Amino acid sequence: ILVINAMTGIIIGLCLALVILVVATTNLAVGVLATLIIALITCSVLGVINMIGWKLGPLESLNLTLVVGLAVDYVVHLAEGYMELKHETSEAKVKHTLSHVGISVLSGACTTLGASIFLLAAKILFFFQFGIFIFCTIGFSIMYSLFFFPTVMALVGPEGISILSVASYILVCMKGSESRYRICILLKCTDVLTSPEWTTYFRLSATGLGKQL
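Next up, the structure:
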């Protein structure tokens, strides 16, 4: 029962985090990627608990229900910072995020990690386990948020005001510039539509040569 309750709490927390992140960032792709980062953090914490050899009791189950809530704090700041620049490349967005938000996120994580260290000296089992739990959760959160999340966003993060720039990679694999153009219009992929390839396509379309691309 404790395992089912813990897993149910984690799943509900991830679903709520997805909705909140999508609303906060106003971008589906960023919200989904940020939620995946939170899921990775949760899996890492569960792996550490298993490696330590803790059995899932009432105390461990209570701690696990807090994983998603603690993990979402750092990645949501980075995701929001990423979306502040509307008409920049993904690399520029990542640099802006790390330079303006990264220091604050790292400082907040360090203070929380410092507070959890004092709990490791507690003689009461609950406080000792809670200290290890907080240390692992914040440690994995800052590692995934500052290293893995920016890397993923730089590679496949949305650019401009497109709702899903991963569609750019799908469009490249599709045959026929006209069909790709229609999908771009549907998805509002302005980062693709303003690329040199589409600029040439628009120019040739005016002369009736666009369909030959």
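Heads up: the sequence shown begins at 1179 in our numbering, then just goes up one per residue. Where is the CB? At the ideal position from N, CA and C, for every residue including glycine. Please read these numbers as outputs of a predicted model, since none were measured by experiment.
- In this chain, T1243 is not harboured by any alpha helix (DSSP H), its DSSP state being neither H nor E.
- The three-state secondary structure of K1273, taken from DSSP, is helix.
- Collapsing the DSSP output to three states places N1205 in coil.
- The beta carbons of V1210 and S1268 sit no closer together than 9 Å.
- Here N1228 is exposed: its Cβ has fewer than 16 other Cβ atoms, across all protein chains shown, within 10 Å.
- Looking at the backbone, the Cα of L1180 and that of L1263 are separated by about 44 Å.
- Going by DSSP, V1279 is part of no alpha helix (DSSP H) at all; its letter is neither H nor E.
- Secondary structure note for T1329: its alpha helix (DSSP H) is the uninterrupted segment 1327-1334.
- Residue burial is scored here from C-beta neighbours: K1271 has at least 16 other C-beta atoms within 10 angstroms and is therefore classed as buried.
- A contact is defined here as three or more CB-CB pairs under 8 Å, and the segment 1231-1240 fails this definition with respect to the segment 1271-1285.
- Within 10 angstroms of the beta-carbon of T1289 lie fewer than 16 other beta-carbons, which makes it exposed.
- DSSP places T1315 within a helical segment (H, G or I) once states are collapsed to three.
- In this model, L1324 and K1301 are separated by some 33 Å (Cα to Cα).
- In the three-state scheme derived from DSSP, where H, G and I count as helix and E and B as strand, I1198 is classed as helix.
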